[in-house]
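Structure record follows, encoded as structure tokens.
Residue numbers (the numbering used here): 3 to 337.
See the structure below:
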């Protein structure tokens, strides 16, 4: 495929170097600075899908280094990547260009949410800076105002549910002091999760040529999030009312609706599939993207992802068809 959403990977490195790099990560941890800088620079210009094979990767993950077909599903030709992951049996049920580097748009906020849950005190009261309110009219926000005071939990709900870019910046500044430091934190944590073909420069996903991920890396980050019940509770909400106190001391509320069409009732899950929720992302460069957490009738969990659809109609048609094919293929129990 061609177009600005498709970022071609560089020349593969030798497997021996990959093994050494993985050993370096596992022996030094994710808190090192010098080793991280060297590894990040190396990973930025080198790529090897063998990193995702066998013993080089965690045993509790779904792993593949190639496309995996699924009977009954054919992706739209406009898509740039898609996948369906069986978390219970640790199996990739469907894979299409999972390791191609793509612009993530607001699916970036999956990592922002992960760091918030991992390092934040959700009871903290955050004061919103002018940096967090400096967005264009057509850029998604939760209507935060400079000087607002709001809990970190409410910011997280606005981030995940309504995809507020203002919430992303407020969270970044609260946890790391600046967007730049938070982006460095995102990259360190992404590497620690095994997302070695990802590079972030901001917490929200607005377009930047040096801000990219892969569908597989996004699965890794989302998979880390859904292990936290608080994340599942938030993505399952039909709406959320944020509570804020303005710089003038006046209390107000803001209601935030989900951005994914399944939660809004504008798209419908196939029989046998219960969609909890997930994260969307849309920019001109990234196209339309969504990653979801769902369960079958026996409460077995799945993650599904579609990236780079030409529009939202194609996005949700393909996601629904992907989930339906998974159900019809027997992976989702529909009896």
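The beta-carbon is built from N, C-alpha and C at its ideal position, and this holds for glycine as well.
According to DSSP, what are the bridge partners of residue i?
i           : result
residue 151 : 129, 247
residue 277 : 296
residue 283 : 291
residue 242 : 258
Would you decide whether residue i is buried or exposed? Buried here means 16 or more other CB atoms lie within 10 Å of its CB.
i           : result
residue 32  : Reliability fails at residue 32, whose pLDDT of 36 lies under 50, so the model's placement of it is uncertain and the value that follows must be treated cautiously. Per the 10 Å Cβ criterion, exposed.
residue 340 : The chain is shown from 3 up to 337; residue 340 falls before or after that span and cannot be answered.
residue 266 : exposed
residue 71  : exposed
residue 325 : buried
residue 213 : buried
residue 308 : buried
residue 252 : exposed
residue 141 : exposed
residue 240 : exposed
residue 231 : exposed
residue 215 : buried
residue 180 : exposed
residue 250 : exposed
residue 99  : buried
residue 127 : exposed
residue 16  : Per-residue confidence for residue 16 stands at a pLDDT of 35, beneath the threshold of 50, marking its modelled position as unreliable; the derived number appears in the next sentence. Looking at its Cβ environment, which holds fewer than 16 other Cβ atoms inside 10 Å, residue 16 is exposed.
residue 138 : exposed
residue 123 : exposed
residue 74  : exposed
residue 273 : exposed
What span of residues does the alpha helix (DSSP H) with residue i cover, start to end?
i           : result
residue 265 : 263 to 266
residue 231 : 231 to 237
residue 143 : First-last for residue 143: undefined, no H or E at that position.
residue 327 : 314 to 330
Which residues mark the beginning and the end of the beta strand (DSSP E) in which residue i is found?
i           : result
residue 297 : 289 to 297
residue 311 : 303 to 311
residue 253 : 253 to 258
query = Of all the alpha helix (DSSP H) runs that stay within the bounds of the segment 163 to 227, which reach a length of 4 or more residues?
reply = 167 to 178, 181 to 194
Sequence ranges, alpha helix (DSSP H) only - wholly within the segment 63 to 135, length at least 4 = 111 to 121
inquiry  = With three or more beta-carbon pairs closer than 8 Å as the criterion, would you say the segment 112 to 131 touches the segment 172 to 179?
reply    = yes
query = Does the segment 262 to 278 touch the segment 292 to 299, meaning 3 or more C-beta pairs lie closer than 8 Å?
reply = yes
query = Counting Cβ pairs, one atom from each stretch, are 3 or more of them under 8 Å apart for the segment 93 to 108 and the segment 195 to 212?
reply = yes
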